[in-house]
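Going by my numbering, the first residue of the sequence shown is number 898, and it counts up by one from there. We put the beta carbon where it would ideally sit given N, CA and C, even for glycine.
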Amino acid sequence: MNNSTIKIRPMKAEDFDVVVAISEKIFNIPRRKYYELKFEKLFKSKGYLPMSLVAEEEGGTVIGFIMGELYIGEYGIFDEEARLDTICVDPDYQQKGIGGRLISEFMDHLRNNGVKKVNTLVDWNDAKLMHFFRANQFSPSKTINLERNL
Ligand SMILES: CC(C)(COP(=O)(O)OP(=O)(O)OC[C@H]1O[C@@H](n2cnc3c(N)ncnc32)[C@H](O)[C@@H]1OP(=O)(O)O)[C@@H](O)C(=O)NCCC(=O)NCCS
């Protein structure tokens, strides 16, 4: 596979099954409900601009995706900050620059819509993922996430 034959395009509602399948292949757990809610927000809610993309092979097989959302405020003015929720590349296609391309096109898309900052949550102990985000110019934010066990 040659990275240049991979096409990045906007996610469509019909990509639901392949998104769920790639996620399950990576995490070994079905997250159908999680993606149902995400897709509902992306394709049915008027409050959010769809910002999600997929990477597909020449033959049209989807091999990765990135999901994020941009809140459309009052009077149709977009927020200056957007969130990157999930990025997944099929394990058979990782380490070939596809994750990097998904991030880069996601950023271009947001920049063109006036977004100034993108945030995402990453497990501090996941060294591989921290490295990936650092390599893609993400850095720790000035706010920290507090939690309390119940
Ligand atoms: C994180 C993730 C999306 C990265 O995807 P990826 O396609 O492997 O990412 P890239 O190929 O762009 O970058 C990974 C490495 O491959 C290297 N690489 C880039 N282009 C390459 C190429 N053409 N050939 C070989 N290696 C290449 C990059 O330099 C990078 O190396 P580094 O780790 O030393 O920086 C992927 O590992 C994944 O799906 N992880 C599981 C899901 C997950 O945890 N998601 C995040 C939370 S939702």
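Taking residue 977 as reference, the option from 1031, 1011 and 1039 with the minimal CA-CA separation is 1011. In this structure, the C-beta of residue 902 stays at least 8 Å away from each heavy atom of ligand 1. Its Cα nearest to that of residue 994, the residue 1029 stands out among 1015, 1029, 1020 and 957. Remark: the shortest separation between the CB of residue 1032 and any heavy atom of ligand 1 falls under 8 Å. Here the region 916-933 makes contact with the region 982-991; the two share three or more CB pairs at distances below 8 Å. Straight-line measurement puts the Cα of residue 924 at about 19 Å from the Cα of residue 965. Going by C-alpha positions, residue 955 is about 27 Å away from residue 1026.
For residue 989, no alpha helix (DSSP H) segment is defined, and its DSSP state is neither H nor E. With a contact defined as Cβ atoms closer than 8 Å, residue 988 and residue 922 qualify at about 6 Å.
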